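Enquirer: Numbering (my numbering), first residue to last: 718 to 1085. The beta-carbon is built from N, C-alpha and C at its ideal position, and this holds for glycine as well. Since the model is a prediction, treat every value here as computed from it, not as a measurement.
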Amino acid sequence: MITAFYKPVALCAIGFMFIYAGASRANESHQHQRENVIELSASQIETAGIKIQPIKNTGAKLVFRAPAEIKANGYTSYVVSPRVESVVLKRHVSLGEHVAVNQPLITLFSDKVAEAQAQYRIAFADWQRLKTLESSTVSEKSRRDAQTRYIAAKARLIAYGLDDDSIKKLVEDNSTALGEYTLPARLSGTVLNDDFRQGQRVEAGQALMDIAEESVLWVEARIAPQAELPPLSSLAVSVDVAGKQYNASLSQQSHIIDAQTRTRIIRLQLENHGHQLHPGMFAKALFAEQVSGIFVPQHALMQSDDGDWMVFVQTEPGHFAAKEVQLKRSSGQHVEISGIEVGESIVSQGAFFIQSQMAKSGFDPHNH
């Protein structure tokens, strides 16, 4: 009878113990969760300068930067060089000088040119004499031969670099010194290089001057082969030179890796208004892309002891909890993150103060 009487009581006691244990665990879990939420007073928030920002999708401009150098426009540049072995007699322009089309640049002497000029004078005189004679006086073959010799002699002078005016002077003024010829400017531009001296013997094809038209310049940007860029045609391109930005456009992109620098070249083109830029200047190429996502200020991000990135979410007024996030792309002073929902509110300023307060209290950002 005693056993039968105590049996229901024992069962009730056991049931109560299970209920109590479950409630205790739930309470511990709630208490543990509360322990990882820090509460700050209004005065603390004001003193620390804490600001709250609601999370939302925003537009941002992502900018990829690459070292670059201003280059002369290879399509509007000209290399001045003799076409036959010569000796430099006189320079007519100097480094950095702006020249016009057909302006004399360098006067040279060549014995081969002297021989060609003498032959041209003879061929010209023969052709002028024979072409006026009547057919009964000279045969058609002789007339054609004279014309051919004249054409060939003139073509030889042109091949040596003489222009039409120089060739005309040979027959208009017999006192013109044979062997001397002047290389004129083929385009208007600036003398970028003049690597020679007067009296120097130079070879055929040797570069003596570089003339560049600087109204439109090239910018060669160098990027790492593994750099991931969106399609370049979709990007806004600009060039930064000494802190000043210039609009540019995409010209060419190389698909070959430079053997020395191990970089890939992207060539840009920009208009040089006012001739403020010059070949050889260092610059930065800026490739900008408009994107949308969740971007937060860099100073809103903190690192935990194990190196994970986190932000502080406001769970209710004056209460803050750490939340782990993943970093994605950077846009100036803002960073795109994931791991947080639109509509949540985070600490955009003063996160360091909250982290230091949590560290003092021994809070675990991971709720361990």
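#1: Taking the alpha-carbon of residue 1000 as reference, which of 959, 754 and 1014 has the nearest alpha-carbon?
#2: For the segment 783-794 against the segment 883-901, do three or more pairs of beta-carbon atoms, one drawn from each stretch, fall closer than 8 Å, so that the two count as touching?
#3: Which of the three DSSP states is assigned to residue 798 in this structure?
#4: Measure from the alpha carbon of residue 969 to the alpha carbon of each residue in 924, 979, 950 and 978, then state which is nearest.
#5: So residue 1070 and residue 765 are supposed to be a Cβ contact under 8 Å. How far apart are they, rounded?
#6: On the three-state DSSP scale, how would you describe residue 993?
#7: Under a three-way DSSP split, which group does residue 1110 fall into?
#8: Considering only residues of the same chain and omitting the five flanking positions on each side of residue 829, which have a CB-CB separation below 8 Å?
#9: List the residues that DSSP assigns as beta-bridge partners of residue 898.
#10: Pick from 881, 1025, 1049 and 1017: whose alpha carbon is nearest that of residue 772?
#11: Whole angstroms are fine: how far does the CA of residue 754 sit from the CA of residue 1049?
#12: According to DSSP, is residue 754 part of a helix, a strand, or is it coil?
#13: By Cβ distance, which residues of its chain are closer than 6 Å to residue 769, with the 5 residues on each side in sequence left out?
#14: Who pairs with residue 680 in a beta bridge, going by DSSP?
#15: Are the CB atoms of residue 966 and residue 986 nearer to each other than 8 Å?
#16: Would DSSP call residue 773 helix, strand or coil?
#17: Would you tell me roughly how many angstroms separate the C-alpha atoms of residue 840 and residue 865, rounded to the nearest one?
#18: Go to residue 1037, then tell me how far its beta strand (DSSP E) extends in each direction, as first and last residue.
#19: Can we say the segment 970-989 touches the segment 1020-1035, given the rule of at least three CB pairs closer than 8 Å?
#20: Cα-Cα, which of 931, 943 and 892 is closest to residue 995?
#21: When you compare each of 1067, 1065, 1041 and 963 to residue 684 by their alpha carbons, which one comes out closest?
#22: Going straight from the alpha carbon of residue 905 to that of residue 809, what length do you get?
#23: Thinking C-beta only, is residue 797 closer than 8 Å to residue 825?
#24: Any idea what DSSP makes of residue 1057, helix, strand or coil?
#25: With 16 as the cutoff for other CB atoms within 10 Å, does residue 745 come out buried or exposed?
#26: What residue from 1012, 1073 and 814 has the CA that sits closest to residue 1059's CA?
#27: Beta-carbon within less than 8 Å of residue 880's beta-carbon, same chain only, minus the 5 sequence neighbours each way: which residues are those?
#28: Only counting the same chain, and skipping five residues up and downstream in sequence, which positions put a Cβ closer than 8 Å to that of residue 1051?
#29: Should residue 940 go down as buried or exposed, given a rule of 16 or more other Cβ atoms within 10 Å for buried?
#30: Just tell me which of 914, 903, 934 and 1009 has its CA closest to the CA of residue 1118.
Expert: Working from what's here:
#1: The residue from 959, 754 and 1014 with its alpha-carbon nearest to that of residue 1000 is 959.
#2: No, because fewer than three Cβ pairs between the segment 783-794 and the segment 883-901 fall closer than 8 Å, the two stretches do not touch.
#3: Coil.
#4: The candidate whose alpha carbon is nearest that of residue 969 is 950.
#5: 4 Å between Cβ atoms; contact.
#6: If DSSP states are grouped into helix, strand and coil, residue 993 belongs with coil.
#7: The first residue shown for the chain is 718 and the last is 1085, placing residue 1110 beyond what the model contains.
#8: Listed in chain order, the non-local C-beta contacts of residue 829 below 8 Å within the same chain comprise 801, 802 and 877, local neighbours out to five positions each way being set aside.
#9: Residue 898 is bridged to 825.
#10: Selected option, being the one with the closest Cα: 1017.
#11: Using only the alpha carbons, I get a separation of about 31 Å.
#12: Of the three classes helix, strand and coil, the one that applies to residue 754 here is strand, per DSSP.
#13: Only 1031 and 1062 meet the Cβ criterion.
#14: Because the chain spans 718 through 1085 in this model, residue 680 falls outside it and cannot be assessed.
#15: It is a contact, given that the beta carbons lie within the stated cut-off.
#16: The answer is coil: DSSP assigns residue 773 none of H, G, I, E or B.
#17: Rounded to the nearest angstrom, the gap between the Cα atoms of residue 840 and residue 865 is 9 Å.
#18: According to the DSSP assignment, residue 1037 belongs to the beta strand (DSSP E) that extends over 1036-1041.
#19: Segments in contact, no.
#20: Per the C-alpha coordinates, the member of 931, 943 and 892 positioned closest to residue 995 is 931.
#21: Not covered by the structure: residue 684. The range shown for the chain is 718 to 1085.
#22: In a straight line, the C-alpha of residue 905 is about 15 Å away from that of residue 809.
#23: No, these two residues do not count as a Cβ contact at 8 Å.
#24: For residue 1057, the secondary structure class from DSSP, reduced to helix, strand or coil, is coil.
#25: At residue 745, the pLDDT of 39 sits below 50, so the modelled position is not reliable; the number obtained from the coordinates is stated separately. Residue 745 comes out exposed.
#26: Answer by Cα proximity: 1012.
#27: Around residue 880: 819 and 901.
#28: If the five residues before and after residue 1051 are omitted, its C-beta is found closer than 8 Å to the C-beta atoms of 777, 1012, 1013, 1014 and 1015, all from its own chain and listed in chain order.
#29: Result: buried.
#30: Look at the range of the chain in this structure, 718 to 1085, and you will see that residue 1118 is not part of it.
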